[in-house]
Amino acid sequence: MSFPWLQPDFIRDMYIAICKDTGEPIQKEGAEWLLNVVKKSPFGQIQMRNVRMGHQTAIQFAKKLEDTDVPVIDLQENSMKDIGFVSLLKYSERHPQLKKLCVGCNDICQEGVLQLSDALASSKLEIIELGNPSGRYFPRGNTKSTHANKAGQQGAIALFKSLVSNINMKYLGLSNNQLVDPSRQDQETMLFNLFGQMLTQNQTLMGVDLSENNISNAGATSLFRGLSQNYTLQILELNGNNITNQSIPLLSAILTQETCPLTILGLNNNQIGVAGAKSLAFGLCQNYSLQSLSLEDCGLCDEGVGIICDILSRPLMKENFDQSVKLVTGKDEHFDQSEKVFQLMQKVQKDCSPTACDKEILVVDSKGNVMHKVELNKIKSDKSSTKLQQDLVNSMASALGQSQQGQTVQQFASQRSLDGVDFSQIDTLNFGSNNFTVKALKYVCKLLSSQVPIRTLNIRNNRINFEGCFMLAQSLINNQYDLRRVLEDPGAKHELPENAVLPSQLQTLNLQATGVNDDGFLVLCFAISQLNVSQVNFSNNFIGEKGGELALRYIMRSKSLTQFQLQNNQVGHSLIAQINIMLEKNKERILQNGPQRIQNDIQSLKQQTKPLPQYMEELQFLQNSNNRCRTLIQKVQTETDDITSQFTKQIGNVQASIEQVQSALERGESKVKEAVVVTTELNARLAEQKGVCQKNIEEDQRKTQDLEAQAKKKEEEFQQLKGNKADVVEEKKKSIAQMQQQTQKVYENIKLAYKTIEMLKMKYADVVNKVQKSSSVSTLAFGMDYEVVIGVLARQQQVASGAVQIPPPSGYDIEKAAAAGKEAEKTAKKPKKK
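This note's numbering runs 63 ahead of the 1-based position in the sequence shown.
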């Protein structure tokens with residue numbers, strides 16, 4: 064099948080566009096070179112890396128492929144810039160079959176990334192690489208390219224916002240894109256808060272690479288907070304940032320969650336140190352999902368590597384204790400397990416801690432200040448080295464035990480699947496460039512001998528030397544053979560026992576620059592020949608011609624090796640040529656066995672796909688349940704936001720009240736100071752008043768004594784009165800009886816007075832009737848109220864009884880008055896003339 068991008072017209076037009084971008088003359092050799100580059104593309108893909116493609120070439124590239132659907136386009140390390148990138152984005156909008164696009168190191172800036180954020184709404188792109196590929200979806204590229212993209216903070220903000228509602232994107236590579244501006248570190252937290260919010264809402268993004276972006280602990284903390292509420296992100300690359308041990312505890316807490324989706328975690332070139340290793344170990348001891356852990360150049364040293372390997376080699380902790388038991392007993396099982404893990408880490412750290420050296424070389428300046436220090440230990444002789452080998456063999460053999468040495472493969476497999484015991488699923492481990500020694504390698508070997516399925520191990524640029532090589536080889540063959548025999552008689556034929564059990568699943572081993580010598584190379588090649596190892600790297604070591612020739616026979620035995628690197632060693636070209644021939648034969652054998660393996664895989668897949676409809680129904684049910692859970696999570700999130708806003712308002716109110724209280728306290732403090740001054744004055748006055756009071760007290764005491772004497776006298780008088788009490792009571796009784804008699808008499812007088820009043824009223828009525836018939840003067844006199852008349856009568860009665868005498872009027876003639884009265888009556892009776 065011939066693809067359009069392999070046609071001469073396509074190659075010619077692309078080469079002409081490249082010459083226009085670069086200004087170079089058109090040559091026939093250049094077109095042939097471009098054709099060879101395009102022919103190396105994987106099947107069904109276009110790969111045009113480092114062909115000096117500019118924006119005109121990118122525009123021509125999109126035009127030539129307008130009638131063709133390409134699933135994968137790889138244009139890494141060119142110079143298309145924003146204009147060329149936009150033309151590719153337009154092409155992706157018109158061709159939904161394009162799923163993967165690699166445009167890393169193309170001088171794409173913020174404007175191009177803004178256009179990408181707009182295009183994601185209509186594009187079906189699933190994988191976009193804008194940085195240095197990690198080798199997972201696209202081959203690795205040049206990490207020191209001069210055409211690195213610069214998305215910037217504003218571009219990243221727009222891109223993260225567009226990913227909130229995107230349902231197609233699965234992987235996003237943004238390594239080395241200057242997301243964090245060193246001059247504006249204050250916006251870092253805002254940027255990664257936005258990224259964390261995107262992770263809480265986007266449930267389709269499965270991987271992200273943010274390496275080499277100058278992310279500090281603040282940005283990492285914001286990112287981890289969003290990751291704690293995400294259930295789909297499986298790949299997280301944070302290599303080469305400024306992350307330290309301060310933000311690792313939050314990452315460790317995420318790893319302990321049962322819903323943690325992470326399978327690949329990269330923290331290379333972040334100085335987390337031993338403290339970070341401890342924090343990470345707490346998360347690894349409970350994590351079931353992680354499969355790849357990369358901690359190269361993290362400053363772990365012996366203690367950090369030993370702690371992580373020791374924790375991984377042990378069964379995982381489980382969170383299935385009964386809450387009711389916890390409430391009754393008051394014990395927390397998780398706390399006990401955490402305490403146990405902490406004790407294990409302390410033990411490993413103590414075992415791996417550096418001991419005192421024999422001698423030191425000091426480099427001092429002219430002033431005597433120490434500029435550099437190198438520790439020296441004694442060089443062990445051959446006898447001591449042989450003794451060390453014997454000790455290693457004996458210790459490993461005793462640890463393995465006689466029962467395990469003689470067990471069969473079925474017994475070992477059944478032992479690996481113990482009920483209720485789970486181990487970590489990490490199969491890729493990278494501890495390169497951590498400056499650890501044999502002390503930590505002991506725990507690496509323990510991990511290889513455990514039930515953890517380590518398939519890829521990278522321990523390059525560390526100091527393991529021969530002791531570490533011997534220990535590593537013993538662990539790879541599970542102590543099934545005495546490697547001293549290989550060293551003592553390298554020319555003899557050495558074979559493992561027929562019933563030997565090799566549980567190691569190691570496939571890739573990187574021992575570059577680890578101090579491997581001839582003896583170490585020999586025992587390692589013997590161990591590797593017994594396993595299904597496919598890739599080994601022994602570059603930059605101390606392997607000589609003699610060690611290479613002795614180990615060649617074991618290398619030639621391997622049927623699985625496809626890559627064996629020995630660069631920068633003292634090995635002859637003929638030996639390397641023989642190894643390369645063997646590797647090519649292995650590759651051909653693997654390719655020949657490929658169809659049969661594919662057929663076997665097809666048969667197994669057919670068997671596995673029989674229950675597929677049932678699994679589909681279960682998947683549909685789980686998806687519906689997941690959607691419901693998402694809606695509930697969104698509701699809870701909205702409620703949480705509301706509560707948070709209310710809480711912030713309350714915090715503001717409380718802060719205002721606190722400020723008021725503080726101001727009141729300040730005022731109160733000033734008043735207290737004034738009161739202290741007043742108090743001093745009052746104390747002085749009080750002292751004066753105290754003397755006066757003292758005198759008054761003395762006078763009162765004297766008066767009290769006088770009163771006591773008087774009280775005694777009164778007491779005596781009281782006793783006397785108490786004796787005369789009976790006489791006084793009799794007299795009182797008599798007086799009471801007399802008073803009762805007098806009261807009775809008064810009642811009788813009152814009754815008589817009432818009768819007299821009634822009788823007087825009757826008499827008064829008769830008198831009034833008589834008076835009304837008499838003269839007018841009498842009538843007027845008796846026309847008044849009877850009560851007034853009663854008073855008059857009472858006075859007349861007193862006059863009549865002689866008690867009161869009325870003196871006669873002086874200067875008044877009664878007879879004349881009477882005559883005048885009569886004369887007035889006569890004149891009144893005469894009629895008046897008109």
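We put the beta carbon where it would ideally sit given N, CA and C, even for glycine.
Quick caveat: nothing in here was measured; it's all calculated off a predicted structure.
- If you ignore the 5 residues before and after TYR544, its C-beta comes within less than 6 Å of the C-beta of LEU559, all in its own chain and listed in chain order.
- The beta carbons of ASP137 and PHE201 sit about 6 Å from each other, so the pair counts as a contact at 8 Å.
- Non-local beta-carbon contacts of SER496 in its own chain, meaning distances under 8 Å to residues more than five positions away in sequence, involve GLU359, ASP360, ARG523, ASN524 and ASN525 in chain order.
- For the alpha helix (DSSP H) assignment, the uninterrupted runs of no fewer than 4 residues enclosed by the stretch 574 to 627 are, from N- to C-terminal side, 581 to 592 and 608 to 620.
- Taking every protein chain shown into account, the CB of GLU702 has fewer than 16 other CB atoms within 10 angstroms, so this residue is exposed.
- For GLU321, the closest C-alpha among the options LYS818, CYS348, GLY336 and ASN663 is that of CYS348.
- Three or more pairs of CB atoms, one per stretch, sit closer than 8 Å, so the stretch 604 to 617 contacts the stretch 573 to 589.
- Under the three-state reduction of DSSP, ILE370 is assigned to helix.
- When secondary structure is reduced to three states using DSSP, GLY329 falls in the strand class.
- Shown here, GLY282 sits in a helix according to DSSP, grouped into three states.
- Within its own chain, the residues whose Cβ lies closer than 7 Å to the Cβ of CYS323, once the five positions on either side in sequence are excluded, are ILE317, ASN350 and SER352, listed in chain order.
- Where GLY117 is concerned, there is no enclosing alpha helix (DSSP H), because DSSP gives it neither an H nor an E.
- Between the beta-carbon of ASN212 and that of ASN240 there is about 5 Å, and that keeps the pair under the 8 Å contact cut.
- ASN573 has its alpha-carbon roughly 11 Å from the corresponding atom of LEU629.
- In the structure shown, GLY107 adopts coil according to DSSP, grouped into three states.
- TYR294 has its alpha-carbon roughly 15 Å from the corresponding atom of TYR234.
- If the five residues before and after ARG75 are omitted, its C-beta is found closer than 8 Å to the C-beta atoms of ALA94, all from its own chain and listed in chain order.
- In the three-state reduction of the DSSP assignment, LYS775 falls in the helix class, which pools H, G and I.
- In the three-state reduction of the DSSP assignment, ASN746 falls in the helix class, which pools H, G and I.
- Excluding the 5 residues flanking it on each side, SER155 has same chain C-beta neighbours closer than 8 Å at LEU161, LEU164, ALA182, SER186, LYS187 and LEU188, in chain order.
- Counting the other CB atoms within 10 Å of its CB gives PRO196 a total of 16 or more, which places it among the buried residues.
- Excluding residues up to 5 positions away in sequence, ALA555 and HIS557 lie with their Cβ nearer than 8 Å to the Cβ of ARG548 in the same chain.
- Here the stretch 676 to 694 makes no contact with the stretch 644 to 663; the two share fewer than three CB pairs at distances below 8 Å.
- Counting C-beta pairs closer than 8 Å gives three or more between the stretch 370 to 379 and the stretch 494 to 512, which meets the contact rule.
- When DSSP states are grouped into helix, strand and coil, GLY236 belongs to the strand group.
- If you ignore the 5 residues before and after LYS144, its C-beta comes within less than 6 Å of the C-beta of HIS118 and ASP170, all in its own chain and listed in chain order.
- In the three-state reduction of the DSSP assignment, ASN521 falls in the strand class, which pools E and B.
- Here ILE278 really is in contact with LEU301; their C-beta atoms are around 7 Å apart, less than 8 Å.
- Under the three-state reduction of DSSP, THR263 is assigned to helix.
- Inter-residue distance for LYS381 and GLN297 is about 22 Å (C-alpha atoms, whole angstroms).
- A direct Cα-Cα distance of roughly 24 Å separates LEU654 from ASN99.
- In the three-state reduction of the DSSP assignment, CYS323 falls in the coil class.
- Exclusion of the five residues before and after ASP84 leaves ARG115, MET116, GLY117, HIS118, GLN119, THR120 and SER142 as the residues of its chain whose Cβ lies within less than 8 Å of its Cβ.
- ILE696 and SER688 have their C-alpha atoms some 12 Å from each other.
- For GLY329, the number of other beta carbons within 10 angstroms of its own is at least 16, and it is reported as buried.
- By the 16-neighbour rule on beta-carbons within 10 angstroms, CYS415 is buried.
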